[in-house]
Amino acid sequence: MEVEEPIGASQRLPTTVSRRRPPQMWKEASLEETQRSLIAMKAIEERRALVRVNEAADRCFGECIDDFGLTRQLRAGEEECVRKCTLKFVEMSALVGQVFGEQSGL
């Protein structure tokens, strides 16, 4: 009676690297890829930060500004409301980031 081996048992991961490029070029390519990845990650974080600022502005404007009035200045109550709203938004964002970092093991 023939025993079947588990799927993938006879398959091995490659133990050699393709030699199309000299080893030093692999290292350089790896550095270039790392730099591209870091630049892309920075761009994503900048976009996320901009989205958060826009969310805070929209939310605080909606909650604090009752009408546009005839002046370009915020009324005293509106200014205080915007200040508190913005502070809450920043504190909440920091707290969420901290909790996320703790759960991620960072």
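Following the numbering used here, the numbering of the sequence shown begins with 645 at its first residue and continues without gaps. The beta carbon of each residue, even a glycine, is placed where N, CA and C say it ideally should be.
Only counting the same chain, and skipping five residues up and downstream in sequence, which positions put a Cβ closer than 7 Å to that of glutamine 655? Residue 655 sits at position 11 when you count from the first residue of the sequence shown. Residue placement at glutamine 655 is flagged as unreliable, the pLDDT there being 47, under the threshold of 50; the coordinate-derived value follows with that caveat. No residues qualify anywhere along the chain.
Indicate the three-state DSSP secondary structure (helix, strand or coil) for aspartate 710 in the structure shown. As a first step, residue 710 must be located in the sequence shown, where it is residue number 66. Reduced to three states, the DSSP call for aspartate 710 is coil.
Can you tell me whether arginine 680 is helix, strand or coil according to DSSP? Translated into positions along the sequence shown, residue 680 becomes position 36. In the structure shown, arginine 680 sits in a helix (DSSP, three-state: H, G or I).
Need the endpoints of the alpha helix (DSSP H) that threonine 715 sits in, please. Locating residue 715 in the sequence shown gives position 71, counting from the first residue. Looking at the DSSP string, threonine 715 is not in any alpha helix (DSSP H), and its letter there is neither H nor E.
Can the beta-carbon of cysteine 729 be found less than 9 Å from the beta-carbon of alanine 700? Along the sequence shown, read from residue 1 onward, the residue named residue 729 stands at position 85. Along the sequence shown, read from residue 1 onward, the residue named residue 700 stands at position 56. Yes, Cβ-Cβ distance for cysteine 729 and alanine 700 is below 9 Å.
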